[in-house]
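Here you go:
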């Protein structure tokens with residue numbers, strides 16, 4: 603958790619120092635851009651989760667895990683994925699904030715319709731992004747505006763810390779979840795998770811803007827789900843353990 607916090611906070615601070623406010627706000631002025639993102643993440647993603655569960659006939663617990671992910675959008679890794687994939691980081695950050703905010707609204711309303719006994723606390727979902735992401739982002743933007751020289755000196759170190767943290771998070775996630783991966787071998791869960799991610803990227807790519815960078819960004823944003831929000835919901839709803847395992851596997 604400590605490594606993830608360092609990565610997220612340093613990433614948001616560096617983005618705030620490097621990106622102008624106008625660059626973050628500009629994508630949000632396009633209704634078509636917002637509509638594409640919302641359709642991909644809150645219509646297509648749940649539909650794909652339900653379809654995979656029905657077609658592959660996986661265990662109901664694993665199917666529930668996919669459905670939780672289907673409604674949980676706005677992955678914290680999105681800006682770093684955009685940077686690595688040569689997409690626009692400012693647009694990725696704006697999209698991440700939009701999808702996180704939408705998840706806080708959509709999950710409490712939609713999940714009880716599909717999952718009996720689902721309990722979703724909006725504040726439990728919203729608190730971590732506000733504290734770990736939006737606050738550092740705002741602090742970085744304020745430093746860029748009020749103390750540009752200090753910000754310029756801090757930016758290289760923060761960017762390096764963010765890059766190292768990203769690699770460390772990926773390695774830790776893989777290493778700490780080997781047991782969970784081994785436990786589901788032969789159950790169809792891994793294949794279902796891979797199909798879920800691939801289909802979401804492909805569908806979002808097809809739905810995205812005409813230019814390749816915009817398609818890639820929507821693909822990253824849709825295929826990369828907000829596992830943290832899904833885990834919070836699974837814990838609050840006392841969901842079947844297999845649902846949590848599916849979240850980790852995916």
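Residue numbers (the working numbering): 603 to 852. Each residue gets a CB set at the ideal place from its N, CA and C atoms; glycine is no exception.
Which same chain residues end up closer than 7 Å to residue i when comparing Cβ atoms and leaving out the 5 residues on each side of it in sequence?
{"i": "residue 816", "result": "810"}
{"i": "residue 652", "result": "669"}
{"i": "residue 724", "result": "706 and 710"}
{"i": "residue 716", "result": "669"}
{"i": "residue 658", "result": "790 and 794"}
Can you tell me where the alpha helix (DSSP H) with residue i in it begins and where it stops?
{"i": "residue 812", "result": "Per DSSP, residue 812 belongs to no alpha helix (DSSP H) and is neither H nor E."}
{"i": "residue 607", "result": "604-620"}
{"i": "residue 660", "result": "From DSSP, residue 660 is part of no alpha helix (DSSP H); its letter is neither H nor E."}
{"i": "residue 693", "result": "691-716"}
{"i": "residue 675", "result": "No alpha helix (DSSP H) contains residue 675, which DSSP labels as neither H nor E."}
{"i": "residue 738", "result": "737-748"}
{"i": "residue 627", "result": "623-627"}
{"i": "residue 638", "result": "633-641"}
{"i": "residue 680", "result": "680-686"}
Nearest-angstrom Cα distance between residue i and residue j?
{"i": "residue 630", "j": "residue 636", "result": "7 Å"}
{"i": "residue 742", "j": "residue 702", "result": "20 Å"}
{"i": "residue 803", "j": "residue 827", "result": "11 Å"}
{"i": "residue 684", "j": "residue 614", "result": "13 Å"}
{"i": "residue 650", "j": "residue 797", "result": "9 Å"}
{"i": "residue 609", "j": "residue 678", "result": "10 Å"}
{"i": "residue 680", "j": "residue 845", "result": "23 Å"}
{"i": "residue 730", "j": "residue 745", "result": "22 Å"}
{"i": "residue 693", "j": "residue 626", "result": "6 Å"}
{"i": "residue 708", "j": "residue 789", "result": "30 Å"}
{"i": "residue 831", "j": "residue 621", "result": "26 Å"}
{"i": "residue 758", "j": "residue 808", "result": "36 Å"}
{"i": "residue 812", "j": "residue 634", "result": "12 Å"}
{"i": "residue 833", "j": "residue 749", "result": "38 Å"}
{"i": "residue 835", "j": "residue 751", "result": "42 Å"}
{"i": "residue 822", "j": "residue 765", "result": "18 Å"}
{"i": "residue 656", "j": "residue 690", "result": "36 Å"}
{"i": "residue 732", "j": "residue 695", "result": "14 Å"}
{"i": "residue 718", "j": "residue 623", "result": "42 Å"}
Contact check, residue i vs residue j under 8 Å by CB: the rounded distance?
{"i": "residue 686", "j": "residue 806", "result": "With a Cβ gap of about 17 Å, residue 686 and residue 806 do not count as contacting."}
{"i": "residue 800", "j": "residue 792", "result": "So it is not a contact: roughly 13 Å between Cβ atoms."}
{"i": "residue 857", "j": "residue 673", "result": "Because the chain in this structure spans residues 603 to 852, residue 857 falls outside the shown range and cannot be described."}
{"i": "residue 632", "j": "residue 675", "result": "Incorrect: roughly 18 Å between the Cβ atoms, too far for contact."}
{"i": "residue 756", "j": "residue 619", "result": "7 Å"}
{"i": "residue 647", "j": "residue 824", "result": "6 Å"}
{"i": "residue 607", "j": "residue 734", "result": "6 Å"}
Can you name, in chain order, every residue of its own chain whose Cβ lies under 6 Å from the Cβ of residue i, other than the five neighbours on each side?
{"i": "residue 763", "result": "612"}
{"i": "residue 667", "result": "845, 848 and 849"}
{"i": "residue 761", "result": "616"}
{"i": "residue 753", "result": "619, 745 and 746"}
{"i": "residue 829", "result": "849"}
Take residue i and list the residues in its own chain whose beta-carbon comes closer than 8 Å to its own, dropping the five residues that flank it on each side.
{"i": "residue 605", "result": "767, 770, 771 and 774"}
{"i": "residue 688", "result": "815 and 818"}
Let me see if you follow: with CB-CB separation under 8 Å, is residue i close to chain C or not?
{"i": "residue 634", "result": "Of the protein chains in the structure, only one exists, and it is not chain C."}
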